[in-house]
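S.K.: Chains A and B are the protein sequences, given in the same order. Residue numbers 1 to 581, in UniProt numbering, belong to the letters of the first sequence in order. Residue numbers 1 to 291, in UniProt numbering, belong to the letters of the second sequence in order. Heads up, the beta-carbon is just placed ideally off N, CA and C, and yes, glycines get one too. It should be emphasised that the depicted structure is a prediction, and the values quoted were computed from it without experimental measurement. Pasting in a structure now, in structure tokens, and then I'll have a few things to ask.
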Amino acid sequence: MDDVGATTTRRRVLTAATTGIAGALAGCTENLWSRAESPGPEQVSLTIKAVPADDDVVAAKIASKLRENFQAAGIDATFEPTAKAELYREVLLDGEYDVFVARCPELDEYDGLRGLLHSKYVSERGWQNPFHFSDVTVDELLESQLTSEGEEREQSLSELFEHLTETVPYAAVAFPHRIGATRDELSISVPPRESLDYAEIVSQEPDEGSREGPLEVGVFGEQLTGRLNPIVVDRNAISGLVELVYSPLVYRIDDEDVPWLADDVEWESGSRLRATVTLHDDSTWHDGESLDADDVAFTYQFLEDTSLGEAESGIPAPRYRSQQSLVENVAAVDDRTVEFTFETGTQSIAARALRVPLLPEHIWEPRSSIVGERQTEALVDDNEDPIGSGLFTVDDVTEDAEVELGLFDDHVFRDETADRPSILEDFPQFEGIRFQVAPNAGALVDLLAEGEVDLTGSPLPADETSTILENAELSALTEPTEEFYMIGYNGHHQELGYPNFRRILSRLIDREHAVDQIFAGFADPARTRGSLFGIKDTELAADEDTVITNFPGSDGEVDSSQVRSLFEDEGYGYDDGALLE
Amino acid sequence: MTLLDVVLELVIVVTAMLATATLVLVGPKRIAAAIRGYRWRLEACLLSIAALVVVLALRLSTRDVVRRLERRVIGHNITDDLFALEEQLFGETPVAILQSLQTEALTTFFVFIYIYGYAFLLLFPIIAYFALEEMDELSTLLLAFTANYGIGLLCYVLFIAYGPRNFDPMLFEGLLYDAFPQSHSLTGQVNQNTNVFPSLHTSLSMTVFFVAWVTRDRYPLWVPLSGFLAISVALSTMYLGIHWFSDVAAGTVLALISVYIGVNYTVDGLVATGRQYLGQRFDVLGKPGGE
Numbered sequence: 001m002d003d004v005g006a007t008t009t010r011r012r013v014l015t016a017a018t019t020g021i022a023g024a025l026a027g028c029t030e031n032l033w034s035r036a037e038s039p040g041p042e043q044v045s046l047t048i049k050a051v052p053a054d055d056d057v058v059a060a061k062i063a064s065k066l067r068e069n070f071q072a073a074g075i076d077a078t079f080e081p082t083a084k085a086e087l088y089r090e091v092l093l094d095g096e097y098d099v100f101v102a103r104c105p106e107l108d109e110y111d112g113l114r115g116l117l118h119s120k121y122v123s124e125r126g127w128q129n130p131f132h133f134s135d136v137t138v139d140e141l142l143e144s145q146l147t148s149e150g151e152e153r154e155q156s157l158s159e160l161f162e163h164l165t166e167t168v169p170y171a172a173v174a175f176p177h178r179i180g181a182t183r184d185e186l187s188i189s190v191p192p193r194e195s196l197d198y199a200e201i202v203s204q205e206p207d208e209g210s211r212e213g214p215l216e217v218g219v220f221g222e223q224l225t226g227r228l229n230p231i232v233v234d235r236n237a238i239s240g241l242v243e244l245v246y247s248p249l250v251y252r253i254d255d256e257d258v259p260w261l262a263d264d265v266e267w268e269s270g271s272r273l274r275a276t277v278t279l280h281d282d283s284t285w286h287d288g289e290s291l292d293a294d295d296v297a298f299t300y301q302f303l304e305d306t307s308l309g310e311a312e313s314g315i316p317a318p319r320y321r322s323q324q325s326l327v328e329n330v331a332a333v334d335d336r337t338v339e340f341t342f343e344t345g346t347q348s349i350a351a352r353a354l355r356v357p358l359l360p361e362h363i364w365e366p367r368s369s370i371v372g373e374r375q376t377e378a379l380v381d382d383n384e385d386p387i388g389s390g391l392f393t394v395d396d397v398t399e400d401a402e403v404e405l406g407l408f409d410d411h412v413f414r415d416e417t418a419d420r421p422s423i424l425e426d427f428p429q430f431e432g433i434r435f436q437v438a439p440n441a442g443a444l445v446d447l448l449a450e451g452e453v454d455l456t457g458s459p460l461p462a463d464e465t466s467t468i469l470e471n472a473e474l475s476a477l478t479e480p481t482e483e484f485y486m487i488g489y490n491g492h493h494q495e496l497g498y499p500n501f502r503r504i505l506s507r508l509i510d511r512e513h514a515v516d517q518i519f520a521g522f523a524d525p526a527r528t529r530g531s532l533f534g535i536k537d538t539e540l541a542a543d544e545d546t547v548i549t550n551f552p553g554s555d556g557e558v559d560s561s562q563v564r565s566l567f568e569d570e571g572y573g574y575d576d577g578a579l580l581e
Numbered sequence: 001m002t003l004l005d006v007v008l009e010l011v012i013v014v015t016a017m018l019a020t021a022t023l024v025l026v027g028p029k030r031i032a033a034a035i036r037g038y039r040w041r042l043e044a045c046l047l048s049i050a051a052l053v054v055v056l057a058l059r060l061s062t063r064d065v066v067r068r069l070e071r072r073v074i075g076h077n078i079t080d081d082l083f084a085l086e087e088q089l090f091g092e093t094p095v096a097i098l099q100s101l102q103t104e105a106l107t108t109f110f111v112f113i114y115i116y117g118y119a120f121l122l123l124f125p126i127i128a129y130f131a132l133e134e135m136d137e138l139s140t141l142l143l144a145f146t147a148n149y150g151i152g153l154l155c156y157v158l159f160i161a162y163g164p165r166n167f168d169p170m171l172f173e174g175l176l177y178d179a180f181p182q183s184h185s186l187t188g189q190v191n192q193n194t195n196v197f198p199s200l201h202t203s204l205s206m207t208v209f210f211v212a213w214v215t216r217d218r219y220p221l222w223v224p225l226s227g228f229l230a231i232s233v234a235l236s237t238m239y240l241g242i243h244w245f246s247d248v249a250a251g252t253v254l255a256l257i258s259v260y261i262g263v264n265y266t267v268d269g270l271v272a273t274g275r276q277y278l279g280q281r282f283d284v285l286g287k288p289g290g291e
């Protein structure tokens with residue numbers, strides 16, 4: 001009985017189901033066909049890349065906040081934490097990204113924007129136009145700021161900023177304060193950031209008198225010691241280290257150009273701005289080879305094309321291109337003299353080119369061989385044994401543990417009778433610099449407290465300041481910087497190619513709130529037109545009246561309906577809360 | 001505190017724990033017997049030890065290759081998938097739920113478990129099984145460890161995954177390195193921050209627990225103790241913001257597979273099978289149309 005009943009029921013169910021399915025199918029086959037034939041718009045999807053919290057807690061927090069806010073806007077947003085060297089490789093070399101967040105070095109001059117944004121760099125790899133951004137007006141304004149002077153240049157620049165607030169190839173979030181710490185034996189007031197800061201500290205006598213031993217600097221991070229190549233971008237690095245080994249012709253110190261490897265620079269204006277650079281008489285490289293005018297000319301040719309003519313359209317270096325490209329021609333006149341002709345008539349712009357670190361021809365010339373697609377030996381080599389001409393030589397590297405820099409005895413500035421720059425007046429008070437790598441910021445502060453290191457070299461997260469302030473032997477060092485956190489967009493992405501879309505995205509971070517919560521107050525938000533593109537204090541674009549800083553929400557939280565109407569005003573549609581392509 | 005100090009402290013604390021546990025659970029009689037017969041015991045499990053050493057050496061020596069393969073060639077980043085999956089399954093990620101229970105005492109407990117408890121949990125059964133009359137249990141455990149490391153290494157090459165603390169420092173706290181920053185110098189020697197899927201802390205701990213269960217007639221008391229420790233280790237990895245729930249789940253599955261391998265195979269057997277297979281191939285190649 002039971003069995004019969006069960007069969008009957010089953011049969012009934014089957015019949016009902018078949019009828020139901022057939023009926024439903026009849027109605028929806030057309031629907032299915034039409035969907036298959038022309039699939040409707042899909043949800044906009046964006047992957048945000050930034051370093052993990054281990055590398056930079058602020059970048060990871062900004063990226064997480066963006067993910068949340070993008071999602072509230074109906075975007076299918078994901079965050080992909082990526083180690084620093086890999087992030088640079090994927091963003092700057094391979095262009096494999098949608099949106100990235102990164103801490104960027106300060107722009108030394110307005111002209112730095114030319115490297116970031118000019119469309120002629122669109123196919124190059126490195127910091128030159130990593131956004132694949134191409135805009136005729138921006139190109140024209142970047143060129144006219146380069147060739148014009150005075151008020152005319154200012155006019156071009158302020159037009160440029162105005163135009164950038166419309167097109168938004170990238171957007172700054174805030175300018176972080178650099179946080180560091182030192183033991184009280186050293187009299188330092190600001191945390192070291194670049195090579196000259198270290199040279200200056202080594203010139204200052206510590207409380208216990210000059211030391212028979214190195215200055216001990218603590219840093220933290222992974223893979224900091226593996227690559228000491230000054231012209232590549234895909235590496236994590238101790239900031240300032242490679243630049244201590246490789247020096248430029250001229251340094252900029254407190255808004256003044258100070259000749260360094262150059263003994264003298266003579267400027268000459270005319271139809272083209274020219275400079276005649278005379279080198280010191282007996283400059284040598286760390287390996288004893290003489291540093292001559294050919295090395296200087298070579299450096300600029302090499303940065304322009306690291307294959308030295310071998311590759312058909314050249315393989316430019318991923319760094320220093322914006323500076324190198326200012327040089328129209330460079331030629332060694334004799335052993336000690338080099339003549340430059342520039343693409344600009346403005347000396348303050350042209351001087352940027354002289355701040356490029358020099359490379360020894362005898363080491364780098366053989367590295368011009370092509371090893372892969374758009375790669376030369378010079379761009380893949382780790383440069384384990386760097387030969388430069390700076391005040392310091394690399395003496396010893398223990399992988400992921402420490403780097404020891406010794407003093408370069410044959411440097412022209414080691415001669416106390418020489419005419420030395422004032423920051424080197426009492427150089428040296430230490431026998432070099434030793435960088436010790438700690439696994440994280442907390443461990444670094446411990447090393448400092450135990451006296452294992454004298455000061456910190458990596459920027460510390462804000463929450464370490466309390467530990468430092470509790471310790472009477474330590475001083476916290478903070479300094480506002482012109483470095484900035486950038487949100488960059490890949491112009492090759494279907495949606496990110498539209499200025500209107502980027503402009504709305506750039507609004508989706510509450511900058512004032514972020515400075516409060518993410519930076520714990522240790523930053524200045526980007527408020528003005530200039531600062532939104534990384535130029536912190538500029539009178540040319542001090543206007544705060546820009547839509548980009550107008551956050552559609554409150555207290556850091558996006559108001560979904562407000563963003564939705566922003567996108568809808570630009571013609572975007574929504575389906576069930578999802579923003580459609 | 002440098003790496004050396006951290007290691008020294010670890011050695012002292014764990015040795016004390018091991019000594020106590022050995023006296024209580026193994027007992028003086030068996031300890032004495034084990035010391036007397038250490039030679040045949042070592043010989044009996046030599047192959048298992050060798051297999052483990054080979055896999056560990058492989059892991060250490062291929063760090064750079066693995067890192068390049070993982071990050072540059074395969075580059076399969078699943079961090080956001082893990083996060084999204086757990087939010088969908090549970091509404092709130094288990095890590096966030098655990099961290100919301102945070103107290104100072106709990107943090108201290110879990111830091112202790114994560115570092116010292118874990119080292120003890122892995123080392124004690126080696127001593128305990130060494131003191132038995134047969135080396136079967138020890139061979140099982142060592143082979144299971146080997147399988148853990150081998151399969152784990154493969155997963156690490158295939159997937160890039162960062163732990164919760166690295167993914168979203170606003171939602172999740174990196175409690176371990178906040179409470180004990182120096183421990184990073186220890187864990188950093190062993191592992192990278194992209195290797196979280198699966199959790200080897202969990203899989204090795206669970207392996208010890210499962211083997212304790214399988215051999216429960218030998219050390220009945222070790223079953224609840226290892227169970228408590230193993231579950232605490234698994235919870236600690238999440239509480240401390242190092243692993244996702246998925247890593248822990250995958251780690252437990254890995255432990256089951258490893259214990260299955262450990263129980264059903266022996267290194268001798270695997271070597272013999274390999275030899276036989278190669279021998280046959282060689283035969284076939286040597287005498288075409290032979291047999």
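Just to confirm, are A/HIS231 and A/TYR320 a CB contact at a threshold of 8 angstroms?
M.R.: Within the first sequence, the letter at position 231 stands for residue 231 of chain A. Within the first sequence, the letter at position 320 stands for residue 320 of chain A. One detail in the question is off: residue 231 of chain A reads as Ile in this sequence, not His. Their beta carbons are under 8 angstroms apart, which means A/ILE231 touches A/TYR320 by this criterion.
S.K.: Looking at chain B, which residues of the segment 31-63 of chain A have a Cβ within less than 7 angstroms of any of its Cβ atoms?
M.R.: PRO52, ALA53, ASP54, VAL57, ALA60 and LYS61
S.K.: Using the beta-carbon of each residue, which ones in chain B are nearer than 9 angstroms to A/THR78?
M.R.: Residue numbering aside, residue 78 of chain A sits at position 78 when the first sequence is read from its first letter. Those within 9 angstroms of A/THR78 in chain B are THR79, ASP80, ASP81, PHE83 and ALA84.
S.K.: With a threshold of 8 angstroms on Cβ separation, who are the neighbours of A/PRO459 within its own chain once the five nearest residues in sequence on each side are excluded?
M.R.: Mapped onto the first sequence, residue 459 of chain A falls at position 459. Excluding positions up to five away in sequence, the list reads PRO176, ARG178, ILE179, GLY180 and PRO191.
S.K.: Residues in the same chain with beta-carbon distance under 8 angstroms from residue 296 of chain B, minus the five sequence neighbours each way, listed in chain order, please.
M.R.: Since the first residue of chain B shown is 1 and the last is 291, residue 296 of chain B is not available in this structure.
S.K.: Please report how far the alpha carbon of A/ASP135 lies from the alpha carbon of A/ALA297, in whole angstroms.
M.R.: Indexing the first sequence from 1 puts residue 135 of chain A at position 135. Indexing the first sequence from 1 puts residue 297 of chain A at position 297. Cα-Cα distance, rounded: 33 angstroms.
S.K.: For the segment 179-187 of chain B and the segment 203-219 of chain B, state whether three or more C-beta atom pairs, one from each stretch, are separated by less than 8 angstroms.
M.R.: no
S.K.: Quick check on A/GLN494: buried or exposed, where buried means 16 or more other Cβ atoms within 10 Å of its Cβ?
M.R.: On the first sequence, position 494 is the one that residue 494 of chain A refers to. Exposed is the call here.
S.K.: What is the rounded straight-line gap between the Cα of A/ASP98 and the Cα of A/PHE131?
M.R.: As a position in the first sequence, residue 98 of chain A is number 98, starting the count at 1. As a position in the first sequence, residue 131 of chain A is number 131, starting the count at 1. Their backbone Cα atoms lie some 10 angstroms apart in a straight line.
S.K.: With a threshold of 7 angstroms on Cβ separation, who are the neighbours of A/LEU157 within its own chain once the five nearest residues in sequence on each side are excluded?
M.R.: In the first sequence, residue 157 of chain A corresponds to position 157, counting from 1. Result list for A/LEU157: TYR110, GLN145 and LEU540, in chain order.
S.K.: Taking all protein chains shown into account, do 16 or more other C-beta atoms lie within 10 angstroms of the C-beta of A/LEU308, making it buried, or fewer, making it exposed?
M.R.: On the first sequence, residue 308 of chain A is found 308 positions in, with the first residue counted as 1. Its Cβ being crowded by 16 or more others within 10 Å, A/LEU308 is buried.
S.K.: Could you name the residues that DSSP lists as bridge partners for A/PHE175?
M.R.: In the first sequence, the residue the question calls residue 175 of chain A occupies position 175. A/PHE175 is bridged to A/ASP524.
S.K.: From which residue to which residue does the beta strand (DSSP E) around residue 599 of chain A run?
M.R.: No answer is possible for residue 599 of chain A: it lies beyond the span of chain A, which begins at 1 and ends at 581.
S.K.: Quick one: does A/ASN129 have its CB under 8 angstroms from some CB of chain B?
M.R.: Sequence index remark: in the first sequence, residue 129 of chain A carries index 129 (1-based). It does not: the Cβ of A/ASN129 has no partner Cβ on chain B nearer than 8 angstroms.
S.K.: Tell me whether B/TYR38 sits in a helix, a strand or coil according to DSSP, three-state version.
M.R.: Position 38 of the second sequence, counted from the first residue, corresponds to residue 38 of chain B. Three-state result, B/TYR38: helix.
S.K.: With burial defined as no fewer than 16 other Cβ atoms inside 10 Å of the residue's Cβ, what is the status of B/PRO164: buried or exposed?
M.R.: Taking the first residue of the second sequence as position 1, residue 164 of chain B is located at position 164. It counts as buried.
S.K.: Give the range of the beta strand (DSSP E) segment to which A/THR276 is assigned.
M.R.: For this step, residue 276 of chain A is matched to residue 276 along the first sequence. Run containing A/THR276: 274-279, per the beta strand (DSSP E) assignment.
S.K.: Using a cut-off of 7 angstroms between C-beta atoms, extract the partners of A/ASN440 located in chain B.
M.R.: If you number the first sequence from 1, residue 440 of chain A lands on position 440. Those are TYR177, PRO181 and HIS184, listed as they occur along chain B.
S.K.: Check the DSSP bridge columns for A/TYR485 and list the partner residues they point to.
M.R.: One-based indexing of the first sequence puts residue 485 of chain A at position 485. A/TYR485 is bridged to A/ARG103.
S.K.: Going along the chain, which residues of the segment 240-260 of chain B sit with their C-beta nearer than 8 angstroms to a C-beta in chain A?
M.R.: Of all residues in the segment 240-260 of chain B, none has a C-beta nearer than 8 angstroms to a C-beta of chain A.
S.K.: Quick test of your reading: A/LEU164 and A/LEU142, contact by CB under 8 angstroms. State the CB separation rounded to the nearest angstrom.
M.R.: Translated into positions along the first sequence, residue 164 of chain A becomes position 164. Translated into positions along the first sequence, residue 142 of chain A becomes position 142. Incorrect: roughly 10 angstroms between the Cβ atoms, too far for contact.
S.K.: List the residues of chain A that B/PHE167 touches, going by C-beta distances under 9 angstroms, in chain order.
M.R.: Counting from 1 along the second sequence, the entry for residue 167 of chain B is found at position 167. The contacting residues are PRO52, ALA53, ALA60, SER64, PHE79 and PRO81.
S.K.: Quick check on A/GLU86 - is its C-beta less than 8 angstroms from some C-beta in chain B?
M.R.: Within the first sequence, numbered from 1, the residue matching residue 86 of chain A stands at position 86. True, the Cβ-Cβ gap to chain B drops below 8 angstroms.
S.K.: Should B/TYR118 go down as buried or exposed, given a rule of 16 or more other Cβ atoms within 10 Å for buried?
M.R.: On the second sequence, position 118 is the one that residue 118 of chain B refers to. Buried, since its Cβ has 16 or more Cβ neighbours within 10 Å.
S.K.: Is A/ALA171 close to chain B? Criterion is C-beta to C-beta, closer than 8 angstroms.
M.R.: The count along the first sequence starts at 1 and reaches residue 171 of chain A at position 171. Answer no: the Cβ-Cβ gap between A/ALA171 and chain B never drops below 8 angstroms.
S.K.: So, are the CB atoms of A/TYR489 and A/ARG507 less than 8 angstroms apart?
M.R.: Taking the first sequence and counting its residues from 1, one reaches residue 489 of chain A at position 489. Taking the first sequence and counting its residues from 1, one reaches residue 507 of chain A at position 507. For A/TYR489 and A/ARG507, no; Cβs fall outside 8 angstroms.
S.K.: 8 angstroms is my cut-off, CB to CB: does A/ASP446 come that close to chain B?
M.R.: By one-based count along the first sequence, residue 446 of chain A stands at place 446. Taking Cβ atoms only, chain B reaches closer than 8 angstroms to A/ASP446, which makes this a yes.
S.K.: If you measure from the beta carbon of A/GLU581 to each beta carbon in chain B, is any gap under 8 angstroms?
M.R.: In the first sequence, residue 581 of chain A corresponds to position 581, counting from 1. Taking Cβ atoms only, chain B never reaches closer than 8 angstroms to A/GLU581, which makes this a no.
S.K.: Taking the alpha helix (DSSP H) that A/GLY432 belongs to, which residues open and close that run?
M.R.: Taking the first residue of the first sequence as position 1, residue 432 of chain A is located at position 432. Counting along the chain, A/GLY432 falls outside any alpha helix (DSSP H), and DSSP gives it neither H nor E.
S.K.: When the cut-off is 8 angstroms and only beta carbons count, does B/THR194 lie next to chain A?
M.R.: As a first step, residue 194 of chain B is located in the second sequence; it is residue number 194 there, counting from the start. Cβ-Cβ to chain A under 8 angstroms: yes for B/THR194.
S.K.: Listed in chain order, which residues of the segment 446-472 of chain A have Cβ atoms closer than 7 angstroms to some Cβ of chain B?
M.R.: Those residues of the segment 446-472 of chain A that come within reach of chain B (Cβ to Cβ, closer than 7 angstroms) are ASP446.
S.K.: Could you tell me whether the segment 203-213 of chain A touches the segment 347-362 of chain A, using the rule of 3 or more Cβ pairs below 8 angstroms?
M.R.: no
S.K.: With distances taken between CB atoms, is the gap from A/ARG183 to A/LEU448 smaller than 8 angstroms?
M.R.: Taking the first residue of the first sequence as position 1, residue 183 of chain A is located at position 183. Taking the first residue of the first sequence as position 1, residue 448 of chain A is located at position 448. Yes, the Cβ-Cβ distance between A/ARG183 and A/LEU448 is below 8 angstroms.
S.K.: Can you pull the chain A neighbours of B/GLY174, defined as C-beta to C-beta under 7 angstroms?
M.R.: Here residue 174 of chain B refers to the residue found at position 174 when the second sequence is read from its first residue. Scanning chain A for C-beta atoms nearer than 7 angstroms to the C-beta of B/GLY174 yields ALA53, reported in chain order.
S.K.: Can you name the residues of chain B whose CB is closer than 7 angstroms to the CB of A/ALA443?
M.R.: Numbered from 1 along the first sequence, position 443 holds the residue referred to as residue 443 of chain A. In chain order: PRO181, GLN182, HIS184 and SER185.
S.K.: In the DSSP assignment, find the alpha helix (DSSP H) that holds B/GLU86 and state where it starts and stops.
M.R.: Mapped onto the second sequence, residue 86 of chain B falls at position 86. Looking at the DSSP string, the run of the alpha helix (DSSP H) that includes B/GLU86 is 79-90.
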